[in-house]
Amino acid sequence: MQEKISLAPWQVLERREVLDASPWVRVWVERVRLPSGRTIDDFWQMALPDFVVVVPQTPEGRILLVRLYRHGARRTTLALPGGFVEPGEDPSATARRELVEETGYTAPHWQALGAFFVDANRGQWKAHLFRAWPARQTSRPHTDDAEALEVVLLTPQEALQAVRTGEVALLSSATALALALAPPFSA
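Just so we're aligned, residue 3 is where the sequence shown starts under this note's numbering, counting upward by one.
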């Protein structure tokens, strides 16, 4: 017979901030007590801003991605448009803003695909995923040299293949594509 365990929240006994580079990142260490009574003296936590990822689909059914360099990954990758949610900004407004800023495209129809913790063990930020259609180019992208990118249009099958081959290297983009192109969201 398996021993019964408690899934109650941990008690934070002490919290010490180690780094505050707001709005980009905050890091702290907590002393916590588990439901079993055991104490962990150095449970590291971090917070980054929530962010959005958009799966734009053109009237012809093509998926709009961007090819860009991601310094954290140290490589060029295909990714979906997206960006950080500004303080006090609704994620759906961020999604609309980021789509037009990065690609010059807009879309009249939007669907929330969900909001997910990116690393629920160490962090408290979420990825808000959206689908937008029919996406049409209405302006030029508004990017700078820190965000140089190339707009790429792929069929849904090509986009999923890019996930499988690793050409789409960001978990948030891979997840958003999988959700947007799977029933019931794709219907």
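C-beta atoms are modelled at their ideal positions from N, C-alpha and C, and glycine is treated no differently.
Bear in mind that the values here come from a model prediction, so they are computed numbers and not experimental data.
By how many angstroms is the C-alpha of residue 167 removed from the C-alpha of residue 183?
Taking the sequence shown and counting its residues from 1, the one referred to as residue 183 is at position 181. Taking the sequence shown and counting its residues from 1, the one referred to as residue 167 is at position 165. Cα to Cα, the separation comes out at about 17 angstroms.
Closest by CA to residue 109, which one among 127, 58, 64?
What you label residue 109 is simply residue 107 of the sequence shown in a count that begins at 1. When only C-alpha atoms are compared, the closest one is 58.
Alpha carbons only, please: which of 34, 50, 15 is nearest the one belonging to residue 120?
Taking the first residue of the sequence shown as position 1, residue 120 is located at position 118. The option with the nearest alpha carbon to residue 120 is 50.
Uninterrupted beta strand (DSSP E) stretches inside the region 116 to 175 (no shorter than 3 residues):
128 to 135, 151 to 156
Label residue 107 either buried or exposed according to how many other C-beta atoms from any shown protein chain fall within 10 Å of its C-beta, with 16 as the threshold for buried.
Reading the sequence shown from its first residue, position 105 is the one you call residue 107. Flag for residue 107 reads buried.
Considering only the beta carbon of each residue, do residue 55 and residue 178 sit closer than 9 angstroms?
Here residue 55 corresponds to residue number 53 of the sequence shown, with the count starting at 1. Here residue 178 corresponds to residue number 176 of the sequence shown, with the count starting at 1. Yes, these two residues count as a Cβ contact at 9 angstroms.
Residue 11 (DSSP reduced to helix, strand or coil)
On the sequence shown, position 9 is the one that residue 11 refers to. Reduced to three states, the DSSP call for residue 11 is coil.
Among all the DSSP beta bridges, which residues are the ones paired with residue 17?
In the sequence shown, the residue the question calls residue 17 occupies position 15. According to DSSP, which records beta bridges pairwise, residue 17 is partnered with 32.
Tell me which residues share the same chain as residue 96 and place their Cβ nearer than 6 angstroms to its Cβ, disregarding the 5 neighbours each side in the sequence.
As a working note, residue 96 is residue 94 in the sequence shown. These residues qualify, in order along the chain: 54, 87.
So, helix, strand or coil for residue 102, using DSSP?
The residue labelled residue 102 in the question sits at position 100 within the sequence shown. DSSP places residue 102 in helix when its eight states are reduced to three.
Note down the Cα distance separating residue 61 from residue 134, rounded to an integer number of angstroms.
Looking up residue 61 in the sequence shown gives position 59. Looking up residue 134 in the sequence shown gives position 132. The alpha-carbon atoms of residue 61 and residue 134 are separated by roughly 11 angstroms.
Beta-carbon spacing of residue 67, residue 156 below 9 angstroms
Residue mapping note: residue 67 aligns to position 65 of the sequence shown, counting from 1. Residue mapping note: residue 156 aligns to position 154 of the sequence shown, counting from 1. Taking 9 angstroms as the Cβ cut-off, residue 67 and residue 156 qualify as a contacting pair.
Sorted by chain position, which residues of the same chain lie with C-beta nearer than 6 angstroms to residue 70's C-beta, five sequence neighbours on each side aside?
Counting from one through the sequence shown, the residue named residue 70 turns up at place 68. Closer than 6 angstroms at Cβ, skipping near neighbours: 151.
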